[in-house]
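Trainee: The listed protein sequences correspond, in order, to chains A and B. Positions in the first sequence are counted from 1; adding 34 to them yields my numbering. Positions in the second sequence are counted from 1; adding 5 to them yields my numbering.
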Amino acid sequence: MTTTKNKSVFRWLMAGCTAGLMSTALMADEAVITNSFYPYNTETPSFDGLKAGMVIDQSNVAQFKDAIDPAFYGFIEQGMTTITVGETTSFDLHPNYVEATRVSLGQVSLGNEVGEISGWSAGRPFPEEPDANDPRAGEKLAWNYKYGYNWGDSAAIYPFYWKYRDMDSGKVERTIKFNFHFLNYKGRVTQEPTPEITPNPSDLFRAIYVQVLDPADVRNTQLLIHRAADDLKRDNSWLYLGFQRRVRRLATGQVTDAFLGSDLMIEDFEGYNGRISDMNWTYKGTRYMLMPFYNHNDLTLDAETHIDSDGYQVVSFSGQGGCFPDITWQLRKVYEVESVPVDESHPLSKRVHFMDAQTFTIPRTVSYDRKGSLWKTFTIGQAHPDHHLPKNKGSGVSIDDSFSMIDVQASHCTTGQFKGQVDPELSPPQMFNVQHLRATGS
Amino acid sequence: MQTTIKGLRFWCCTLAGSATLALVPMTTAVAAEDARVNGFYENATYGREGVGLSKFRNTLQLEGEKRIGDVGIFSNVSINGTLRGTYDGVYDLNKDEYGRTAGGAILLEDTALAPNPDPFVPHGGGIAPTPNFGFDINQNPNDGMIVLGENLHPQDGGVGFGVPVRPCDVDSRGCIDDYLDKDLNELRFQEFNDRADFIRELYVDFDLNFDSGNVLSTRLGKQQVIWGRTDLFRVLDVINPVDFSRNNIYDELEDIRIPMWILKSDYRMGPTEVFDGLAFDDLNFQVVWNFDQFRPHDIGQCGQPNVILDAGCFFRGMNNLWENGGTVANFANGSIATDFGPGQIGIREAHLPSWSLSNTQLGLKLEGVYGDLGFSLNALTYRSQLPSLRGGIPAENAFTGDTAVWPSLIAFDIHFPRVNLVGGSLDYYSQGIDTVFRVETAYTSGEEFANTLREKLYSESDVVRYVVGADKNIFIPALNESQAFLFSGQIFGQHILDHEREQRLLGEAGIPDWEQNWIATLLIKGFYMNGRLSPQIITAHDVRAQATAVAPSVEWLVNDNFRLTAGANFKVGDGARKFDDCRTCNPWDPFTAAYPGQPAGESAGLSGYEPLGRFQSGPIGMAQKEDEIQLTARYSF
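1) Buried or exposed, going by whether 16 or more other CB atoms sit within 10 Å of the CB of residue 466 (chain A)?
2) Return the residues of the region 227-239 of chain A that lie within a Cβ-Cβ distance of less than 9 Å from chain B, sorted by chain order.
3) Any C-beta of chain A sitting closer than 9 Å to the C-beta of residue 386 (chain B)?
4) Any chance you could list the beta strand (DSSP E) runs of at least 3 consecutive residues sitting entirely within the region 513-566 of chain B, in chain order?
5) Please check the pair residue 441 (chain B) and residue 476 (chain B), which I expect to be a contact at CB under 8 Å, by giving their CB distance rounded to whole angstroms.
6) For a contact defined as C-beta to C-beta under 7 Å, what are the partners of residue 277 (chain A) on chain B?
7) Straight-line CA distance for residue 76 (chain B) to residue 220 (chain B)?
8) What is the DSSP secondary structure of residue 464 (chain A), counted as helix, strand or coil?
9) Starting from the C-beta of residue 246 (chain A), find all residues in its chain whose C-beta is less than 8 Å away, skip the five residues before and the five after it, and write them out in chain order.
10) Report all residues from its chain with a CB closer than 6 Å to the CB of residue 639 (chain B); omit the five preceding and five following residues, and keep chain order.
11) Going by CA-CA distance only, name the one from A:132, A:84 and A:89 that's closest to residue 68 (chain A).
12) Residue 226 (chain B) and residue 209 (chain B) look like a contact to me (Cβ under 8 Å); what is the Cβ gap, rounded to whole Å?
13) Quick one: is residue 638 (chain B) near chain A, going by C-beta distance under 9 Å?
14) Which of the three DSSP states, helix, strand or coil, is assigned to residue 387 (chain B)?
15) Grab me the residues of residue 192 (chain A)'s own chain with a C-beta within less than 7 Å of its C-beta, minus the 5 sequence neighbours each way, in chain order.
16) Tell me, which residues are paired with residue 493 (chain B) by DSSP?
17) Which complete alpha helix (DSSP H) runs does the region 300-387 of chain B hold, if anything under 4 residues is left out?
18) Starting from the Cα of residue 150 (chain A), find the closest Cα among A:161, A:169, A:127 and A:177 and give me that residue.
19) Give the residues of chain B in contact with residue 265 (chain A), contact being defined as C-beta atoms less than 8 Å apart.
20) Please state the DSSP three-state secondary structure of residue 83 (chain B).
21) Determine contact between the region 236-256 of chain B and the region 435-454 of chain B, defined as no fewer than three beta-carbon pairs at a distance below 8 Å.
22) Taking only the alpha-carbon atoms, compute the straight-line gap between residue 155 (chain A) and residue 288 (chain B) and give it to the nearest angstrom.
23) Whose C-beta lies closer than 8 Å to the C-beta of residue 110 (chain B) among residues of the same chain, with five residues either side of it excluded?
24) Can you pull the chain B residues whose beta carbon is under 8 Å from the beta carbon of residue 464 (chain A), in chain order?
25) For residue 88 (chain B), tell me which candidate among B:199, B:174 and B:203 has the shortest Cα-Cα distance.
26) Below 8 Å CB to CB, which residues in the same chain sit around residue 478 (chain B) once its five sequence neighbours on both sides are set aside?
27) What is the rounded straight-line gap between the Cα of residue 99 (chain A) and the Cα of residue 326 (chain A)?
28) Can you grab the Cα-Cα spacing for the pair residue 644 (chain B) / residue 384 (chain B), in whole Å?
29) CB-CB under 6 Å to residue 329 (chain A), same chain, minus the five flanking residues each way: which ones, in chain order?
30) Which residues share a DSSP beta bridge with residue 447 (chain A)?
31) Quick one: list the residues of chain B neighbouring residue 295 (chain A), beta-carbon separation under 7 Å, in chain order.
32) Specify the secondary structure class of residue 412 (chain A) as computed by DSSP and reduced to three states.
33) Measure the beta-carbon distance from residue 655 (chain B) to residue 580 (chain B) and round it to whole angstroms, keeping in mind my assumption that it falls under 8 Å.
34) Just to confirm the assignment, what range does the beta strand (DSSP E) spanning residue 271 (chain A) have?
35) With a threshold of 16 other CB atoms inside 10 Å of the CB of residue 313 (chain B), please say whether the residue is buried or exposed.
Quick look at the structure:
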């Protein structure tokens with residue numbers, strides 16, 4: 035009997051310990067999820083002297099030097115622009131994406147080479163807080179960006195206005211009107227089919243399709259990028275030239291060239307539009323910084339550039355040369371990550387990315403030329419989906435809503451004004467085939 | 006004048022009217038997403054060395070698109086139209102070269118007069134050994150003419166004859182009905198002709214979606230269908246004929262393809278697994294039915310600034326010889342200017358295929374992407390858009406007055422034979438050298454070539470053509486630190502598989518075209534001022550002709566609407582070449598025998614620049630003296 039009793043007690047103790055351990059583990063896992071996706075649940079960012087509603091300009095910028103990236107700090111210091119501070123708000127990503135992260139938590143690992151990953155099917159691959167002692171922490175953050183919820187499973191910027199501006203005179207030299215479309219083949223969590231579109235013979239991860247609508251000399255230029263799931267494989271890219279009516283395959287080298295004469299290279303799209311394996315990634319630290327996150331509908335908008343029947347207007351620009359979006363900035367948790375091109379002939383020596391910890395978008399990037407001098411600085415304004423187009427409400431997508439790529443050396447910029455739409459109808463899979471370029475273009 | 010097909014003309018005009026009516030209200034709805042109208046005005050002013058103004062072309066083009074959406078079982082229904090009208094003022098501003106007062110009196114070489122320091126006779130001043138020789142100078146006066154090829158080469162002991170150069174309403178001599186017969190207004194206003202070319206494109210698009218996700222996309226109407234992956238030279242891109250009279254081979258094909266009424270259907274399968282282990286990223290099957298009445302290339306009419314290979318001048322001069330007779334330099338005994346009578350030598354007529362179901366043209370293409378490889382397989386049955394001169398027509402023997410078919414007599418009809426083509430193309434991106442390679446190849450049967458070894462002076466040959474191209478972006482920091490230069494090179498090869506050539510007593514005879522030849526092209530393009538200033542240089546080198554064209558240009562986008570392009574086009578190399586000219590073909594044996602016992606119809610191989618040397622010089626060599634400076638301004642709206 036005693037033996038039996040002892041066994042029974044032991045069983046209960048074991049069960050209790052196991053349950054306790056599991057419970058502790060579950061709680062730990064949930065803490066990782068909460069910390070990664072809801073960082074402002076428990077802590078509100080603050081910075082000495084900074085409060086919502088204030089304007090940071092030449093006169094007071096020095097006080098906030100540590101909260102502003104050095105390139106943008108320089109702009110304010112020189113009186114080129116100001117920052118209007120807004121409240122920090124949570125940009126909750128779609129719960130399905132969060133759940134996919136929860137399901138695969140701890141199952142994702144890096145391979146031996148940069149660009150190798152295993153165990154990922156959907157969600158954020160490395161939601162844990164980056165460890166400064168982890169030599170591959172930067173690479174993990176890059177993966178979090180690549181597999182981020184970005185535009186969701188599919189979306190379109192429809193339309194998308196790019197203006198080439200002389201930063202000294204403010205003259206708009208060129209206005210190009212595009213449509214941009216994005217489609218994830220893998221890691222899909224909200225739009226059917228999930229988690230992958232099949233058939234997918236080339237094992238693609240993502241595709242981007244771009245069509246130029248105006249002006250006449252580049253009308254119907256189209257770009258299609260296929261990104262393989264295998265990061266070690268190079269993109270396949272095709273360009274349809276309207277004036278030739280012909281699809282031309284692009285040498286990938288052309289993704290580091292100015293796209294249609296703008297200040298952006300294809301590799302710049304969305305903050306970074308290349309392979310993880312093309313760069314060496316270094317995590318530089320975590321801090322609260324002012325980042326361009328706002329409610330689109332609360333802004334004073336540009337009433338001239340875009341007019342449509344639903345009354346949507348795009349973000350306006352002002353400041354030196356009209357190169358700065360008229361938006362508000364929030365103090366947010368940011369990971370600073372440096373990427374150095376593996377290819378020594380790459381036109382850049384490095385980029386410094388300021389990744390938003392909650393959304394893993396890259397709202398600020400600073401690029402340096404081969405000599406190490408500041409060359410370009412990229413701002414992507416992020417709009418909350420619930421304060422944007424009605425169709426975007428509840429999408430859980432941090433909407434890319436405005437951009438400014440400034441070539442500091444040439445004193446020139448390209449600005450972007452978006453109508454971002456999370457609408458699968460606008461980006462059907464057929465759109466991302468090479469034949470679609472021909473069918474649409476000629 | 007060009008053929009008028011009443012039904013087609015009515016149809017074209019009706020559609021043009023409809024298109025215009027459709028486009029007019031669209032101009033008030035430009036902002037709407039489902040309708041678009043835009044266009045441009047362009048002035049192209051070219052100056053040619055030794056000639057002066059060679060182009061003052063003013064173009065107005067309107068393009069419109071109306072998206073209709075879903076109609077019944079069809080989706081993505083849309084209507085597209087492009088209207089283009091041009092006025093080339095060169096025919097009024099430089100009429101001494103290209104208009105109603107072009108040309109003049111000519112002298113033709115008679116080397117038998119040597120050592121006379123001026124061994125020439127006027128047109129009409131040749132010998133007439135029998136009463137059948139000779140012609141009526143009043144019907145074929147020595148006026149308004151040039152000597153064939155005079156802009157490129159001297160007569161130099163070879164064949165030469167007069168070519169009328171004025172518009173066909175001013176001087177109808179040598180104008181070939183239905184083929185090369187433009188009057189002054191058709192030269193000035195090129196698109197306003199009986200084929201309603203001012204309707205550059207007019208088509209309707211519609212899709213039929215299948216449950217499988219596949220789509221049948223159809224385009225019906227006047228359109229361009231583009232095959233292949235190469236620039237400048239056409240290997241697979243042969244569905245639409247080309248207007249070479251616009252700017253020889255140097256304009257974008259987009260602007261010089263002659264749109265045709267075509268039904269094009271694409272069955273778009275997208276990513277497709279054909280069977281286990283064989284899956285394509287994209288697969289598409291296309292059927293093209295060109296049901297329009299046949300049209301050949303516009304090779305340029307003699308008297309226009311651009312006459313590719315100078316063939317239009319050869320044809321016009323030859324037709325004039327047939328219709329009116331004329332003087333041929335250095336002919337009798339290979340040295341005496343000779344006056345031929347009508348119906349003895351020359352070009353009689355052009356046989357343009359009439360419309361019939363059997364004369365329509367059909368193409369099939371399977372195109373797709375397999376891994377890193379883009380590919381297409383193509384097949385097309387069509388009519389040669391280049392003319393073939395077939396001898397063997399009845400003509401008068403100038404010695405006997407008999408009319409019969411004479412062997413190897415230089416008396417021709419123009420035909421456009423049926424050609425069958427199979428081919429394919431590939432593109433591939435090589436990661437290792439960051440270079441895209443493009444390959445295109447075609448095998449044709451049914452093409453015809455001039456051949457002085459054959460009694461009818463032509464023969465058929467299978468031909469293999471191919472292009473291998475490579476594109477690479479290269480940074481040249483000394484020239485541009487921020488943006489790479491595009492280098493795009495191509496090798497175009499042509500192999501005439503049934504080539505014939507023999508050494509005869511006085512030289513080579515046979516097919517003048519090179520059995521194997523290659524043309525290499527290189528484009529280098531740079532970008533400055535955010536792409537708004539773009540210098541480029543295009544070079545093309547014909548290996549066997551030893552002829553090179555160099556075309557530098559700078560394009561400046563002043564703003565979104567206004568573009569200026571300044572350029573030049575220079576040629577260097579050997580220019581004109583000589584080949585058997587069939588003076589010694591002995592068609593009227595024994596009167597024309599070059600040596601005792603020469604078989605009738607067998608060439609002895611005496612050669613000169615005209616008429617067959619042009620096939621060795623090629624389009625670059627034959628334009629050797631056409632160096633130009635060019636300024637183009639375009640305002641888009």
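Positions of the beta carbon are idealized from the N, C-alpha and C atoms, including for glycine.
Mentor: The structure says:
1) The residue is buried, with at least 16 neighbouring Cβ atoms inside 10 Å.
2) Flagged, chain order: 231, 232, 233, 234, 235, 236 and 238.
3) It does not; no Cβ of chain A falls within 9 Å.
4) Taking only runs of at least 3 residues, the beta strand (DSSP E) segments lying wholly in the region 513-566 of chain B are 521-530, 538-547 and 552-562.
5) Sure, about 5 Å apart at Cβ, within 8 Å.
6) Simply 257 and 259.
7) If you take the alpha carbons of residue 76 (chain B) and residue 220 (chain B), they lie about 15 Å apart.
8) Looking at residue 464 (chain A) - three-state DSSP - the assignment turns out to be helix.
9) Contacts found: 210, 211, 212, 252, 253, 254, 255, 256, 276 and 294.
10) Cβ within range, chain order: 45, 47 and 568.
11) Of the candidates A:132, A:84 and A:89, the one whose C-alpha sits nearest the C-alpha of residue 68 (chain A) is A:132.
12) Sure, about 6 Å apart at Cβ, within 8 Å.
13) Contact of residue 638 (chain B) with chain A is not assigned, every C-beta pair being separated by 9 Å or more.
14) DSSP places residue 387 (chain B) in strand when its eight states are reduced to three.
15) Non-local beta-carbon contacts of residue 192 (chain A) in its own chain, meaning distances under 7 Å to residues more than five positions away in sequence, involve 213, 453, 455 and 460 in chain order.
16) Within the DSSP bridge table, the entry for residue 493 (chain B) names B:476 and B:528 as partners.
17) If only uninterrupted alpha helix (DSSP H) runs of at least 4 residues are considered, those enclosed by the region 300-387 of chain B are 316-329.
18) Closest by alpha carbon: A:177.
19) Listed along chain B is no residue with a C-beta nearer than 8 Å to that of residue 265 (chain A); the closest approach is about 14 Å.
20) It is a strand residue.
21) Counting Cβ pairs under 8 Å, three or more are found: they touch.
22) Answer to the nearest angstrom: the Cα atoms are 28 Å apart.
23) Hits under 8 Å: 127, 128, 147, 148 and 150.
24) The contacting residues are 218, 220, 273 and 275.
25) The option with the nearest alpha carbon to residue 88 (chain B) is B:203.
26) Around residue 478 (chain B): 439, 489, 490, 491 and 492.
27) Roughly 16 Å between the two C-alpha positions.
28) Residue numbering for chain B in the displayed model covers 6 to 642; residue 644 (chain B) lies beyond these limits and cannot be assessed.
29) Non-local beta-carbon contacts of residue 329 (chain A) in its own chain, meaning distances under 6 Å to residues more than five positions away in sequence, involve 418 and 421 in chain order.
30) As a beta-bridge residue in DSSP terms, residue 447 (chain A) pairs with A:199 and A:440.
31) Simply 532, 535, 536 and 537.
32) Strand.
33) Since the first residue shown for chain B is 6 and the last is 642, residue 655 (chain B) is missing from the structure and cannot be characterised.
34) Residue range 270-275 is occupied by the beta strand (DSSP E) that includes residue 271 (chain A).
35) Counting of Cβ neighbours within 10 angstroms places residue 313 (chain B) among the buried residues, the total reaching 16 or more.
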